[in-house]
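**Student:** Next up is a structure, given as C-alpha cells.
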Amino acid sequence: MNVTVFVVLAPLAMWMFPVYVPPNSTATIYASLPPGLCNATGVIHVSQLVAIACVNKALAPTTVSGYVAVEYPKPPPPPSVPAPEAPILAVAAGAAAAAGLSHVASNRRELLAAPLAPIVARIKRATGEDPARREILRVVEQLGAATLAQIAKATGKGWGAVQWHVYVLEREGRLRSIRIGPMTYYFTNPKKAAEVILASVDPDALPLEDREKLDFLAASAS
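Per my numbering, residue 1 is the first one in the sequence shown, and the count goes up by one each step.
Have a look at this one:
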C-alpha cells in the first residue's frame, strides 16, 4: 500500500500511521518524511506492528508532507499434490463394473466391449481357440441365431462368461451380430440367421429399419 502524506499539524499535535504485519511475516517500509519531525525515513524492515508518527513540538502549525509505502512479501504458492495413481487392477475392475451395469441397463454389448478392449489387451490376447468358445460357436451354428440368454442356457455357462467369450469371438470375426428390436442376435450364417429371426418375431410388427436389416441379411452370402 502507498500513502501520500500532506497534513498540517497543530501546535503540540501528533499524526500516526500504523503498519500491520501478518503473523510470521515481514514488511518493508519505504518512508519519505521530514527527519526530526517524524520517526521513520528511508527503508525499514519490520516483523511486527509499528506506528509511524510525526510530532509537532513547536508552538506554531507545521506542515508534514511526503509518502509512506509498505510492501509485503508474496507467499509462495502451495505445492501441488499429485493425484494418486490407481492400480491397474482397480481401474480394470471399475471399468468392467461400469460397463456391466451399462450393458444390463441398455442390453447394448458395445458398452461392454469398448472399455474392456484396452484392458484385455494389456493382460493377454484372448483367442477363439478355447473349448468354451468352440462350444459357443457350435451352439450358435446349430441354432442359426441366438441371444446371449439362449447361448447361456444352451451351454450351461454363466451370463458374464458367455458375454466375455462372445465378445472375443465377435472381435476376431468368428461371430457376427444384429440388433432387432430390443434383442441382439449372434450368428455365423447370415441367411440362416435371417430365417431364424423372422420365424421368432412378427414381421409386420417390426420397424422398417429392422425389416430392412433382415432383408439385407437374408440376401448376404453365407
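Built from N, CA and C at the ideal position, the CB exists for glycine as well.
1) Can you confirm whether the region 139-156 touches the region 177-193 when touching is taken to mean that 3 or more C-beta pairs between the two stretches lie within less than 8 Å?
2) Determine the closest residue to F6 out of Q163, V43 and C38, with distance taken between C-alpha atoms.
3) To the nearest angstrom, report how far apart A69 and P18 are at their CA atoms.
4) Just how far apart, CA to CA, sit P182 and V201?
5) What is the rounded straight-line gap between the Cα of L33 and the Cα of V3?
6) L225: which of V46, T41, P61 and V196 sits nearest, CA to CA?
7) Measure the alpha-carbon distance for R176 versus L217 and round it to whole angstroms.
8) For V55, which residues in the same chain have their Cβ closer than 6 Å to its Cβ, ignoring the five residues on either side in sequence?
9) Assign P203 to one of three DSSP states: helix, strand, or coil.
10) If you follow the alpha helix (DSSP H) that G156 is part of, which residue opens it and which one closes it?
11) Which first and last residues belong to the alpha helix (DSSP H) in which R134 is found?
12) In or out: L214 buried (at least 16 other Cβ within 10 Å) or exposed?
13) Just verifying my parser: in three-state terms, what is the DSSP assignment at R108?
14) Output needed for N107: all residues of its chain with C-beta closer than 8 Å, excluding positions within five of it in sequence on either side, in chain order.
15) In three-state terms, what does DSSP make of Y167?
16) Specify the secondary structure class of A60 as computed by DSSP and reduced to three states.
**Tutor:** The relevant details are as follows:
1) yes
2) C38
3) 12 Å
4) 12 Å
5) 11 Å
6) Residue 225 lies beyond the range of the chain shown here (1 to 222); nothing can be said about it.
7) 11 Å
8) M14
9) helix
10) That residue, G156, is in no alpha helix (DSSP H); it is neither H nor E in DSSP.
11) P131 to L143
12) buried
13) Unreliable positioning characterises R108 in this predicted model, as indicated by a pLDDT of 45, which lies under 50. The coordinate reading is nonetheless provided below. Reduced to three states, the DSSP call for R108 is coil.
14) Confidence at N107 is low in this model, with a pLDDT of 45, below 50, so its placement is unreliable and no value can be given for it.
15) helix
16) coil
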